[in-house]
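Notes follow the structure.
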Amino acid sequence: MSNLKAQKKKESQMLRELNLILQRELQNPVLNTVSIAEVRLSSDGSHAKIFYSFLPINQDISKENVGKEIEEGLKEIRMILASKLDWRSVPNLTFEYDESLDRANHINEILAEQNSK
Numbered sequence: 003m004s005n006l007k008a009q010k011k012k013e014s015q016m017l018r019e020l021n022l023i024l025q026r027e028l029q030n031p032v033l034n035t036v037s038i039a040e041v042r043l044s045s046d047g048s049h050a051k052i053f054y055s056f057l058p059i060n061q062d063i064s065k066e067n068v069g070k071e072i073e074e075g076l077k078e079i080r081m082i083l084a085s086k087l088d089w090r091s092v093p094n095l096t097f098e099y100d101e102s103l104d105r106a107n108h109i110n111e112i113l114a115e116q117n118s119k
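When you read off a place in the sequence shown, starting at 1, and then add 2, the result is the number in the working numbering.
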C-alpha cells in the first residue's frame with residue numbers, strides 16, 4: 003500500500019514540475035502552450051508516460067508541431083527535471099497526446115446536434 007502511495011506522490015511531483023518547466027523554464031512558444039494532464043510512472047520507476055494537451059492559440063500550433071517540439075526538447079526537459087527532483091534517477095519520458103478533451107468535445111457536438119433536431 004505504501005509503495006502505491008509513494009508512486010502516486012512521485013507522479014504528482016513530476017506532473018507539477020513538468021508543467022512548470024514547460025511554462026516557465028523553456029523559451030519555446032509552442033511548448034509554453036502545453037499542459038500536462040497526467041503522469042503514469044512504471045512500477046519500478048524507470049519509465050514515465052506523460053499525457054499532454056495544448057491550446058492552439060495560433061495556426062502554427064498543431065498536434066504534429068507540438069509533438070515534434072517535445073521530441074526535439076526531450077533531452078533538455080529531462081535534464082531540467084533531473085535538477086528539480088531529488089530522486090536517485092529520473093525515468094525515461096514518453097509523451098503522448100491526451101485525446102480525452104477531443105473525445106469530450108466530439109460527444110458534446112453530437113449531443114448538441116441531437117438536441118437541435
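Note that the Cβ used here is the ideal one computed from N, Cα and C, for glycine as well. Model, not experiment: these values are computed from the prediction.
{"Query": "Which word fits residue 52, buried or exposed, when buried means at least 16 other C-beta atoms lie within 10 angstroms of its C-beta?", "Result": "buried"}
{"Query": "With DSSP as the reference, label residue 90 as helix, strand or coil.", "Result": "coil"}
{"Query": "Looking at the structure shown, is residue 13 part of a helix, part of a strand, or coil, going by DSSP?", "Result": "helix"}
{"Query": "Can you tell me where the beta strand (DSSP E) holding residue 2 begins and where it ends?", "Result": "Lying outside 3 to 119, the shown extent of the chain, residue 2 is not represented and no answer is given."}
{"Query": "When we look at the beta-carbon of residue 50 and count the other beta-carbons within 10 Å, is it buried (16 or more) or exposed?", "Result": "buried"}
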